[in-house]
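Here's the structure we're looking at; comments come further down.
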Amino acid sequence: MSDGKLRLGIDLGGTKIEGCVLGSGGAEAARQRILAPQGNYEDTLAALVGLIRDLEKQAGAAVTVGIGMPGSLSPSTGLVRNANSTWLNGRPLHQDLEAALGRPIRMANDANCFALSEATDGAGAGARSVFGIIIGTGCGGGLVFDGHVLEGARGIGGEWGHNPLPWAEPDEHPGPTCWCGRKGCMEMWASGTGLSGDYKRRTGELVSGHEIVARAALGEPAAKTSLDRHASRLARGLAHVINIVDPEIVVLGGGLSKLPHLYEVLPSLAAPYVFSDVPAITIRPPKWGDASGVRGAAWLWNA
Numbered sequence: 029m030s031d032g033k034l035r036l037g038i039d040l041g042g043t044k045i046e047g048c049v050l051g052s053g054g055a056e057a058a059r060q061r062i063l064a065p066q067g068n069y070e071d072t073l074a075a076l077v078g079l080i081r082d083l084e085k086q087a088g089a090a091v092t093v094g095i096g097m098p099g100s101l102s103p104s105t106g107l108v109r110n111a112n113s114t115w116l117n118g119r120p121l122h123q124d125l126e127a128a129l130g131r132p133i134r135m136a137n138d139a140n141c142f143a144l145s146e147a148t149d150g151a152g153a154g155a156r157s158v159f160g161i162i163i164g165t166g167c168g169g170g171l172v173f174d175g176h177v178l179e180g181a182r183g184i185g186g187e188w189g190h191n192p193l194p195w196a197e198p199d200e201h202p203g204p205t206c207w208c209g210r211k212g213c214m215e216m217w218a219s220g221t222g223l224s225g226d227y228k229r230r231t232g233e234l235v236s237g238h239e240i241v242a243r244a245a246l247g248e249p250a251a252k253t254s255l256d257r258h259a260s261r262l263a264r265g266l267a268h269v270i271n272i273v274d275p276e277i278v279v280l281g282g283g284l285s286k287l288p289h290l291y292e293v294l295p296s297l298a299a300p301y302v303f304s305d306v307p308a309i310t311i312r313p314p315k316w317g318d319a320s321g322v323r324g325a326a327w328l329w330n331a
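Structural data, given as structure tokens:
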């Protein structure tokens, strides 16, 4: 990572667009954040181009460009799909950006960028295989093997959030309806949205995940049992992934990754479901926190 190359990364979010330039060894050479245009593809494209050019001027040299985005690019059409910024779906964002900038760029799902950041010089540095998950409003995931994101033949590698909750209890089946149209997806159990939904089903009151944590700290039984159920479901979902791809390290990201009890309880909760005589799981918080997405986008040019 000391090749002297300047790598520019962009984290294209729903409300903000953040960019940074990484220099030798991963040190930041420039950083800038702007508001994300809402509901308009052309405005989003123009904002991205403008931010990239501004950051390149700040860096004072040519840069490679990587973009972390919601959703992903279809391997068959090259068009954006599955983005919660719906005005991007069905549009040729990759091709349009390359045409506007006059150079090749690389794009990946934002959870893949998170995983790549933490595998490159974060909490998973030095491991051959890292599973990075984002447990916030949604439940994304990315797999990195030997420094490369495993996108898969269909571009959905690591997308564990739309698999069903494994080893479901009777009262967990068929589960709440997910935005994807199916019932019982991991996203509806393990995310902050899932935590809030569980609490509401038990109490009739809809509150945020942060509020549930605060109530649990004050000793409220309903909040404490919601957190217990959430940890059990998250652990079962992790064990399912471990039984398939067997990563060395799991790194948690997103708002719920800041809950310290998860690192204490998840390994023992997942262990009974891991099909191995070595069920120990290494689960770590992210080194780079909210900056991992934009750093991972820059590292798309690390290969």
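All residue numbers for the sequence shown refer to our numbering, where the first residue is 29 and numbers rise by one. Even glycine gets a Cβ: it sits at the ideal position worked out from N, Cα and C. All values reported here derive from a predicted model rather than from experimental measurement.
Per-residue DSSP class, three states only, for residue i
i: E276; result: coil
i: I163; result: strand
i: I335; result: The shown model of the chain, from 29 to 331, leaves out residue 335, and the question about it has no answer.
i: D305; result: coil
i: G37; result: strand
i: E56; result: strand
i: V77; result: helix
i: T310; result: strand
i: E46; result: strand
i: S157; result: strand
i: G317; result: helix
i: G247; result: coil
i: G281; result: strand
i: N68; result: coil
i: L266; result: helix
Alpha-carbon to alpha-carbon, residue j and residue i
i: A55; j: G324; result: 13 angstroms
i: G220; j: G237; result: 5 angstroms
i: P204; j: H258; result: 14 angstroms
i: A147; j: N137; result: 15 angstroms
i: L290; j: I311; result: 9 angstroms
i: L83; j: T72; result: 17 angstroms
i: L280; j: N191; result: 18 angstroms
i: A245; j: V235; result: 15 angstroms
i: A143; j: R61; result: 21 angstroms
i: L171; j: A267; result: 15 angstroms
i: G67; j: G247; result: 43 angstroms
i: I161; j: G154; result: 18 angstroms
i: P300; j: W195; result: 11 angstroms
i: M97; j: D199; result: 35 angstroms
i: G175; j: G106; result: 24 angstroms
i: L36; j: W316; result: 16 angstroms
i: C208; j: V177; result: 24 angstroms
i: N140; j: T43; result: 19 angstroms
i: H122; j: I133; result: 7 angstroms
i: E179; j: R210; result: 23 angstroms
i: L40; j: E70; result: 14 angstroms
i: P65; j: V77; result: 13 angstroms
i: A89; j: P288; result: 41 angstroms
i: V273; j: P295; result: 17 angstroms
i: E197; j: S104; result: 38 angstroms
i: T92; j: W329; result: 7 angstroms
i: P120; j: M135; result: 12 angstroms
Own chain, CB closer than 8 angstroms to residue i, minus 5 neighbours either side, in chain order
i: S260; result: L297
i: H201; result: G212
i: A109; result: Checking the sequence shown, residue 109 turns out to be Arg, not Ala. Correct list, in chain order: G99, S100, L101, S102, N117, G118.
i: V293; result: A259, A263
i: L79; result: I38, I45, G47, Q60, I62
i: C206; result: H190, G212, C213, E215, M216
Neighbourhood of residue i by C-beta, 6 angstroms cutoff - its chain only, sequence neighbours within 5 removed
i: R243; result: A251
i: D149; result: G54
i: S157; result: F173, P275, E276
i: A111; result: P98, G99, N117
i: L50; result: R35, A326
i: C167; result: G189, M214, E215, A218, S219
i: L255; result: A244
i: G152; result: E146, V158, I277, V279
Neighbourhood of residue i by C-beta, 7 angstroms cutoff - its chain only, sequence neighbours within 5 removed
i: N271; result: V302, F303
i: V269; result: F159, W188
i: S320; result: F142, S145, E146, G150, G281, P314
i: T114; result: none
i: G164; result: S219, G220, G282, G283, L284
i: T253; result: none
Proximity test, Cβ basis, 8 angstroms: residue i and chain B
i: W207; result: Within the model displayed, chain B is absent; a lone protein chain is all it includes.
- prompt: Where in the region 160-229 do unbroken runs of the beta strand (DSSP E), each at least 3 residues long, occur, reported from the N-terminal end onward?
  reply: 167-173
query: Can you find at least 3 beta carbon pairs, one from the region 229-237 and one from the region 182-189, that sit closer than 8 angstroms?
result: no
query: Would you say the region 116-128 touches the region 304-315, given that touching needs at least three Cβ pairs under 8 angstroms?
result: no
query: Taking only runs of the alpha helix (DSSP H) that begin and end inside the region 79-150, which ones reach a length of at least 4 residues, in chain order?
result: 121-129, 138-149
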